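Protein chains in written order, with the numbering used here: chain A, 1 to 194; chain B, 1 to 144.
Please read the structure below before turning to the comments.
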Amino acid sequence: MVFQIIKSYKHCSLLFILFVSCCFAFSAASAQRVYTKNGHIAFFSKSPLENISAENNEVTSIINVPTGELQFSVLIKSFRFKKSLMEEHFNENYLESDKYPKAVFKGTILNITAVNFTKDGNVNVQVSGNLTLHGITKPVISSGTITIRNGIATAAAFFKLRLADYNIKIPGIVKDNIAEQVDITVNCIYDRKL
Amino acid sequence: MRKKKISPIIIALVIFIVAAAATGFYYFNKGPVNISSAVAQKISAEQLYRSFQQDTIQASKNYSGKVLEVTGLVTRTSKNQQGQTLIFLKTTDNGGVINCTMQKDAEVLQGNTVTLKGLCNGIGEAVPELGIAADIYLSQCLLK
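And the structure:
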């Protein structure tokens, strides 16, 4: 009898330990969201007449670590150009930033399980999602890298974007100054955690 | 032989064309907005944030793309990925700040009240389900 009680007690304590560790694992996973509100996105347009580049250091981006969900939000007015006229045309004529103030990407890191956020390393990732720009939403697939250094993740990606896909019209007079496809470079350091 | 006189109309036309081309060239190559000489609207950090919370569309019309002079309490300072100084000003919101990127390094202490002049880019993205509040962005800021 006493032996049986001890045995069942053992079972109970084992179950209890299992339960507690599950709780811990769950809470650790659910707390793992990393984000930045000052990430970096740049674009570059190469044409025979002129190279145009702009940078944005006010990107909000969040990675939901357990699920691999990824989000970027960019204020169009935060892109800085070398010339103010370019900035003006970009905002007023091409991207109509008063009407469409933000560009948003919502997607998933398909191979998130390959990334260990607690160990230093560098992993190639595949990202798939939807980009909403200039009021138009289109699927985007891109590869990128996630680098972990001292527990801080950095995401880097490079992809090309066709302006016509987002109904961004370039007038004939400056057609030769702006590329049909522009290069987008993403570099975000996720130095904040939730 | 009499020298042919150049008509004053032609001279005026040439002057006009040269002036127009010079003006065009100047505007085409003009650098970014000069914040220090720009006329700015004065507003407190809290009032600016409240305006965006109450009516984002109207606040965007009033403030986005404009040079503002914002006064507020420094909650935190940091550096962005390019090494530029960031100053965060307290708002009425729990979490949302005025996110200011400085033109030059600035020695500012947490808890100080400062006035910054910079270009307002609008309000960023909030993710309420994750408890992330939106920031209002000011760039190319100068300390007054």
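Glycine included, every Cβ here is placed at the ideal spot set by N, Cα and C.
Only a predicted model underlies this, so the values are computations on that prediction, with no experimental measurement involved.
contact_flag[the stretch 61-75 of chain B, the stretch 14-32 of chain B] where n(CB pairs < 8 Å) is 3 or more: no
Residues of the stretch 14-26 of chain B whose Cβ lies closer than 9 Å to any Cβ of chain A, in chain order: none
Residue 157(A) beta carbon less than 7 Å from that of residue 34(A): no
First through last residue of the alpha helix (DSSP H) which encompasses residue 62(B): 56-63
Integer-rounded CB distance, given that residue 133(A) should sit under 8 Å from residue 166(A): 5 Å
Continuous beta strand (DSSP E) stretch holding residue 40(A): start and end: 33-46
Interface flag, residue 81(B) vs chain A, CB-CB below 7 Å: yes
Close-in-space but distant-in-sequence residues of the same chain around residue 47(A) (CB under 7 Å, 5 per side omitted): 176, 177, 178 and 179
Simplified DSSP state of residue 90(A), which is helix, strand or coil: helix
Boundaries of the alpha helix (DSSP H) in which residue 129(A) is found, first to last residue: That residue, residue 129(A), is in no alpha helix (DSSP H); its beta strand (DSSP E) goes 121-133.
Residue 188(A) versus residue 17(B) - alpha carbon distance: 48 Å
Residue 11(B) versus residue 26(B) - alpha carbon distance: 22 Å
Chain-order list of residues whose beta-carbon lies under 6 Å from that of residue 44(A) (same chain, five-residue window excluded): Excluding the 5 residues flanking it on each side, residue 44(A) has same chain C-beta neighbours closer than 6 Å at 53 and 183, in chain order.
Given residue 101(B) as reference, the closest of 61(B), 127(B), 87(B) and 143(B) once Cα atoms are compared: 87(B)
Residue 49(B) beta carbon less than 7 Å from that of residue 93(B): yes
Residues within the stretch 108-131 of chain B neighbouring chain C, beta-carbon criterion of under 7 Å: Of the protein chains in this structure, namely A and B, none is chain C.
Chain-ordered chain A contacts of residue 30(B) [CB-CB under 9 Å]: Per Cβ cutoff of 9 Å: 83, 84 and 85.
Integer-rounded CB distance, given that residue 70(B) should sit under 8 Å from residue 119(B): So it is not a contact: roughly 11 Å between Cβ atoms.
Residue range of the unbroken alpha helix (DSSP H) whose run includes residue 17(B): Counting along the chain, the alpha helix (DSSP H) containing residue 17(B) begins and ends at 8-29.
Whole-angstrom C-beta distance between residue 143(B) and residue 166(B), which should lie under 8 Å: Nothing about residue 166(B) can be reported from this structure: the residues present for chain B run from 1 to 144 only.
Whole-angstrom distance between residue 132(B) and residue 277(A), CA atom to CA atom: Residue 277(A) is absent from the model: chain A starts at 1 and stops at 194.
Alpha-carbon to alpha-carbon, residue 79(A) and residue 87(A): 8 Å
Segments of 3+ residues assigned as beta strand (DSSP E) that fall wholly inside the stretch 138-185 of chain A: 152-162
Integer Cβ distance of residue 121(B) from residue 58(A), believed to fall under 8 Å: 6 Å
Residue 123(B) vs residue 106(B) beta-carbon contact at 7 Å: no
Residue 91(B), buried or exposed, once every other Cβ within 10 Å from all chains shown has been counted against 16: buried
Residue 60(A), enclosing beta strand (DSSP E) - first and last residue: 51-64
Member of 111(A), 137(A), 119(A) and 109(A) whose CA lies at the smallest distance from the CA of residue 102(A): 137(A)
Coil, strand or helix - residue 46(B) by DSSP: helix
Chain A contact for residue 145(B) (CB, 7 Å cutoff): Because chain B is modelled from 1 through 144, residue 145(B) falls outside the range shown and cannot be assessed.
Chain A within 7 Å of residue 74(B), Cβ atoms only: False, the Cβ-Cβ gap to chain A never drops below 7 Å.
Residue 108(A) versus residue 67(A): straight-line alpha-carbon distance, rounded: 8 Å
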